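A.B. asks: Just passing along the structure, written as structure tokens.
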Amino acid sequence: MEYLTLAEISKIYSNGVIANDHVNFGLRKGEIHAIIGENGAGKSTLMKVLYGLEKRDGGEIYLNGEKVNITSPLDALGLSIGMVPQHSMLIHEMTVSENIFLGIEKKRRGLLDKNKMDQETRSLCEKYNMVVDPKALCGSLSLSATQKVGILKALVRGANILILDEPTAVLAPQETRELFAQLKLLKLNGYSIIIITHKLKEITQLCDRVTIMRAGRDCGVFAVDQISEEEISRRMVGNDVKLTVEKTPAKPGDSVIKAANLTVTRKNRTCAVDHISFSVRKGEILCFAGVEGNGQRETVRCLTGLEKKYTGQITLLDQDLKEMNVREIREKGLSHIPEDRQRTGSNLAASILDNLVAISVAKESKCGVIRYRKLKANAQKLISRYAIKAKSISQPMNSLSGGNMQKVIIAREIDAGSEVLVADQPTRGVDVGAMEFIHKKLVGLRDSGKAILLVSADLSEVINLADRILVFHNGKITAQITDVPHVTEEQLGRYMLGIDRMPDLEGA
1 MEYLTLAEIS KIYSNGVIAN DHVNFGLRKG EIHAIIGENG AGKSTLMKVL
51 YGLEKRDGGE IYLNGEKVNI TSPLDALGLS IGMVPQHSML IHEMTVSENI
101 FLGIEKKRRG LLDKNKMDQE TRSLCEKYNM VVDPKALCGS LSLSATQKVG
151 ILKALVRGAN ILILDEPTAV LAPQETRELF AQLKLLKLNG YSIIIITHKL
201 KEITQLCDRV TIMRAGRDCG VFAVDQISEE EISRRMVGND VKLTVEKTPA
251 KPGDSVIKAA NLTVTRKNRT CAVDHISFSV RKGEILCFAG VEGNGQRETV
301 RCLTGLEKKY TGQITLLDQD LKEMNVREIR EKGLSHIPED RQRTGSNLAA
351 SILDNLVAIS VAKESKCGVI RYRKLKANAQ KLISRYAIKA KSISQPMNSL
401 SGGNMQKVII AREIDAGSEV LVADQPTRGV DVGAMEFIHK KLVGLRDSGK
451 AILLVSADLS EVINLADRIL VFHNGKITAQ ITDVPHVTEE QLGRYMLGID
501 RMPDLEGA
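In terms of the UniProt record's numbering, the numbers along the sequence shown are unbroken and rise by one, the last being 508.
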């Protein structure tokens with residue numbers, strides 16, 4: 001019998017987009033249940049409805065057979081439903097225990113009882129085998145530890161249904177295994193867990209059942225031991241999807257980017273990037289691998305002209321980057337797919353058209369007059385070529401699903417025809433169909449002689465795409481992998497966590 005039932009849930013946004021179309025979903029007590037689907041399939045919206053972040057337009061929610069009304073997260077928490085978001089919402093300046101008990105603080109004689117909160121946090125950690133220091137500032141935690149705090153925060157509020165959104169997106173393999181062990185322990189203690197994920201291996205390794213969504217509807221619930229990864233992919237996108245990338249061996253040419261002794265110091269005077277040297281060559285995909293927060297972001301900011309406060313030297317096609325601003329770097333031949341598609345990759349309030357032509361307006365202007373007809377025609381071609389699902393190029397960017405937003409950005413940056421493409425987490429949060437599409441585009445660029453710098457936390461993607469891998473840990477390069485087909489995720493994970501390090505990495 002289902003412990004939680006979502007019956008005929010519908011959600012229609014004000015712009016007419018149908019996110020959920022009479023969706024049915026059931027969760028049993030003491031099970032781990034995955035929800036998977038294409039971008040825009042409605043899985044995140046469905047969970048937002050369950051947690052009270054979105055108001056449903058139709059359907060009912062039942063808990064233990066009784067109809068319940070959820071209109072806010074407070075309602076959800078009152079029914080023992082908790083959600084751990086993909087991106088941490090913890091306050092960095094507060095300790096672990098202060099974050100966990102925020103809003104439900106323990107007090108003694110009217111004063112904050114920090115010792116009591118620390119003690120209860122330790123007890124929770126011991127019960128669920130989660131190692132985290134109650135007194136540590138959350139701003140100093142690893143991403144893995146931050147996630148544990150998010151789970152503990154939900155548990156201390158009485159949640160017995162946990163919703164986790166892409167919980168392993170930025171974890172090393174060893175950290176993923178640790179999280180899975182903790183989730184399985186929660187399951188043994190009677191908790192029910194819903195996981196939104198795009199990683200097919202996670203479903204087969206962790207979950208009991210999987211609900212597949214497509215085009216706003218549920219299209220099947222399956223026991224995980226009775227369905228293959230290939231069948232899940234086919235049902236998600238409606239056709240067969242290749243889960244491995246087909247590519248010929250790279251034929252690297254000259255170096256187009258060279259970095260020597262690059263060092264970046266943070267505002268708090270800690271070292272974000274520590275004297276690293278590397279080059280990016282034509283006709284290859286070089287990948288930066290590592291747990292987030294180990295220097296990759298700062299390195300990319302330097303390469304793209306967003307960060308000028310560094311020591312060492314970076315050259316693009318033999319010209320010093322410090323002499324160029326962001327526009328000049330683009331004009332020199334570098335395109336950039338940013339890590340955060342919403343904050344830095346697009347203008348959400350602007351139209352799809354405006355986002356697609358943002359970097360080509362100057363080229364299509366003559367005597368101060370913008371050739372809108374030509375820009376519009378090119379934008380329509382890109383929408384068709386990149387299979388962007390949109391009703392009109394005039395609709396706002398924020399009306400698109402995450403995967404279609406990403407396709408807009410990728411179309412814009414690849415269409416620029418630059419010699420170098422810096423692709424920072426280009427497939428994060430996209431479904432297997434969109435991922436296959438993006439991978440083919442990147443390999444095609446490489447084969448045409450372009451230089452690709454890929455930054456990814458997805459190790460299966462790294463191994464599938466990269467011709468050469470540089471592994472980052474604590475601002476340093478701990479490994480350079482040139483024989484990519486024979487490296488394992490486990491080996492990469494050890495370099496990512498700083499357990500192992502290759503000698504003689506100068507000039508990688």
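Each residue gets a CB set at the ideal place from its N, CA and C atoms; glycine is no exception. Just so you know, these numbers come straight off a predicted model, no measurement behind them.
(1) My assumption, with CB atoms under 8 Å, is that N355 sits in contact with R412. Please give the rounded CB distance.
(2) For N294, which residues in the same chain have their Cβ closer than 8 Å to its Cβ, ignoring the five residues on either side in sequence?
(3) How is the beta strand (DSSP E) around L206 delimited, first residue to last?
(4) Give the DSSP bridge partners of A34, in chain order.
(5) Measure the C-alpha to C-alpha separation of A145 and Y372 and round it to an integer number of angstroms.
(6) Comparing C-alpha positions only, which one of L77, Q395, E419 and K322 sits nearest to S351?
(7) Hey, is the segment 412 to 429 in contact with the segment 219 to 227, meaning 3+ C-beta pairs nearer than 8 Å?
(8) From the DSSP output, read off the bridge partner residues of R281.
(9) Check whether the segment 294 to 305 touches the segment 316 to 331, taking contact to mean three or more Cβ pairs, one atom from each stretch, closer than 8 Å.
(10) Consult DSSP for R108 and reduce its assignment to one of helix, strand or coil.
(11) Identify every run of the alpha helix (DSSP H) within the segment 302 to 349, keeping only runs that are complete inside it and at least 4 residues long; order them along the chain.
(12) L353 to I393, Cα distance in whole Å?
(13) Pull up the distance between the alpha-carbon of L141 and that of I151, whole angstroms please.
(14) Measure from the alpha carbon of L186 to the alpha carbon of each residue in H336, N129, A169 and S233, then state which is nearest.
(15) Have a look at S360 and K407 and give me their C-alpha separation to the nearest angstrom.
(16) Restricting to Cα atoms, I'd like to know which of I499, D21 and N464 is closest to V487.
(17) Please state whether DSSP places H473 in a helix, a strand or coil.
(18) Could you work out which residue in K199, A259 and V264 is closest to I232 when comparing CA atoms only?
(19) I370: buried (16+ other C-beta within 10 angstroms of its C-beta) or exposed?
(20) Count the other CB atoms, across all protein chains shown, that sit within 10 Å of the CB of Y51; report buried if there are 16 or more and exposed otherwise.
(21) Can you round the beta-carbon distance between E284 and E298 to whole angstroms, since I take them to be within the 8 Å contact cut?
(22) Going by C-alpha to C-alpha distance, which of R235, Q182, V357 and N398 sits closest to N378?
(23) If we count Cβ pairs, one from each stretch, closer than 8 Å, do we get three or more for the segment 18 to 32 versus the segment 202 to 215?
(24) A7 and Y62: beta carbons closer than 8 Å?
(25) With 16 other CB atoms within 10 Å as the buried threshold, where does K391 fall?
(26) Looking at C-alpha atoms only, which residue of I276, V96 and K48 is the closest neighbour of V149?
(27) First and last residue of the alpha helix (DSSP H) that includes L171?
(28) Which parts of the segment 357 to 420 are runs of the alpha helix (DSSP H), unbroken and 4 residues or longer, counting only runs that do not cross its ends?
(29) Kindly indicate the opening and closing residues of the alpha helix (DSSP H) around H92.
(30) Measuring alpha carbon to alpha carbon, tell me which of N189, H92 and L442 ends up nearest K135.
(31) Secondary structure at S44, three-state DSSP: helix, strand or coil?
(32) Measuring only the C-alpha atoms, how far is V273 from Q147?
(33) Determine whether the beta carbon atoms of M213 and K43 lie at a separation below 8 Å.
(34) Sort out for me which residues DSSP pairs E66 with in a bridge.
(35) Find the nearest neighbour of V170 within the set L459, K48, A479 and A451, judged by alpha-carbon distance.
(36) Which same chain residues, not among the five before or five after D113, have their C-beta less than 7 Å away from its C-beta?
C.D. replies: Let me spell this out:
(1) Position 355 of the sequence shown, counted from the start, is the residue given in the question as residue 355. Position 412 of the sequence shown, counted from the start, is the residue given in the question as residue 412. Confirmed, about 7 Å.
(2) One-based indexing of the sequence shown puts residue 294 at position 294. Taken in chain order, the residues that qualify are F472, H473, N474, G475 and M496.
(3) Against the sequence shown, residue 206 aligns to sequence position 206. Premise fails: L206 lies in the alpha helix (DSSP H), L200 to L206, not in any beta strand (DSSP E).
(4) Along the sequence shown, read from residue 1 onward, the residue named residue 34 stands at position 34. Note: A34 sits in a beta bridge opposite I195 and V210.
(5) For this step, residue 145 is matched to residue 145 along the sequence shown. For this step, residue 372 is matched to residue 372 along the sequence shown. Whole-angstrom Cα-Cα distance: 50 Å.
(6) What you label residue 351 is simply residue 351 of the sequence shown in a count that begins at 1. Of the listed residues, the one whose Cα sits closest to S351 is Q395.
(7) no
(8) Within the sequence shown, the letter at position 281 stands for residue 281. Answer is S255.
(9) yes
(10) Your numbering for residue 108 matches position 108 in the sequence shown. Strand at R108.
(11) 326 to 332
(12) Counting from 1 along the sequence shown, the entry for residue 353 is found at position 353. Counting from 1 along the sequence shown, the entry for residue 393 is found at position 393. Each residue's alpha carbon lies about 5 Å from the other.
(13) Along the sequence shown, read from residue 1 onward, the residue named residue 141 stands at position 141. Along the sequence shown, read from residue 1 onward, the residue named residue 151 stands at position 151. So the alpha carbons of these two residues sit roughly 14 Å apart.
(14) To locate residue 186, count along the sequence shown from 1; it is residue 186. The shortest Cα separation from L186 among H336, N129, A169 and S233 belongs to N129.
(15) One-based indexing of the sequence shown puts residue 360 at position 360. One-based indexing of the sequence shown puts residue 407 at position 407. Each residue's alpha carbon lies about 17 Å from the other.
(16) Locating residue 487 in the sequence shown gives position 487, counting from the first residue. Ranking I499, D21 and N464 by Cα distance to V487 puts N464 first.
(17) As a position in the sequence shown, residue 473 is number 473, starting the count at 1. It is a strand residue.
(18) Sequence index remark: in the sequence shown, residue 232 carries index 232 (1-based). I232 has its Cα closest to that of K199, out of K199, A259 and V264.
(19) Along the sequence shown, read from residue 1 onward, the residue named residue 370 stands at position 370. That one is exposed.
(20) As a first step, residue 51 is located in the sequence shown; it is residue number 51 there, counting from the start. Y51 is buried by the Cβ-count criterion.
(21) Along the sequence shown, read from residue 1 onward, the residue named residue 284 stands at position 284. Along the sequence shown, read from residue 1 onward, the residue named residue 298 stands at position 298. Contact flag wrong, Cβ pair sits at about 23 Å.
(22) Reading the sequence shown from its first residue, position 378 is the one you call residue 378. The option with the nearest alpha carbon to N378 is V357.
(23) yes
(24) Indexing the sequence shown from 1 puts residue 7 at position 7. Indexing the sequence shown from 1 puts residue 62 at position 62. Yes, the Cβ-Cβ distance between A7 and Y62 is below 8 Å.
(25) Sequence index remark: in the sequence shown, residue 391 carries index 391 (1-based). K391 comes out exposed.
(26) The sequence position of residue 149 within the sequence shown is 149, counting from 1. Of the candidates I276, V96 and K48, the one whose C-alpha sits nearest the C-alpha of V149 is V96.
(27) Counted from its first residue, the sequence shown places residue 171 at position 171. Looking at the DSSP string, L171 is not in any alpha helix (DSSP H), and its letter there is neither H nor E.
(28) 372 to 385 and 402 to 415
(29) If you number the sequence shown from 1, residue 92 lands on position 92. Where H92 is concerned, there is no enclosing alpha helix (DSSP H), given that its DSSP letter is neither H nor E.
(30) Residue numbering aside, residue 135 sits at position 135 when the sequence shown is read from its first letter. The shortest C-alpha separation from K135 is found at H92.
(31) For the purposes of this step, residue 44 is taken as residue 44 along the sequence shown, with counting starting at 1. It is helical.
(32) Within the sequence shown, residue 273 is the residue found at index 273, counting from 1. Within the sequence shown, residue 147 is the residue found at index 147, counting from 1. Going from the Cα of V273 to the Cα of Q147 covers about 24 Å.
(33) Taking the sequence shown and counting its residues from 1, one reaches residue 213 at position 213. Taking the sequence shown and counting its residues from 1, one reaches residue 43 at position 43. The answer is yes: Cβ separation under 8 Å.
(34) Taking the sequence shown and counting its residues from 1, one reaches residue 66 at position 66. Bridge partners of E66: L63.
(35) As a position in the sequence shown, residue 170 is number 170, starting the count at 1. The shortest Cα separation from V170 among L459, K48, A479 and A451 belongs to L459.
(36) Residue numbering aside, residue 113 sits at position 113 when the sequence shown is read from its first letter. Hits under 7 Å: K106 and K107.
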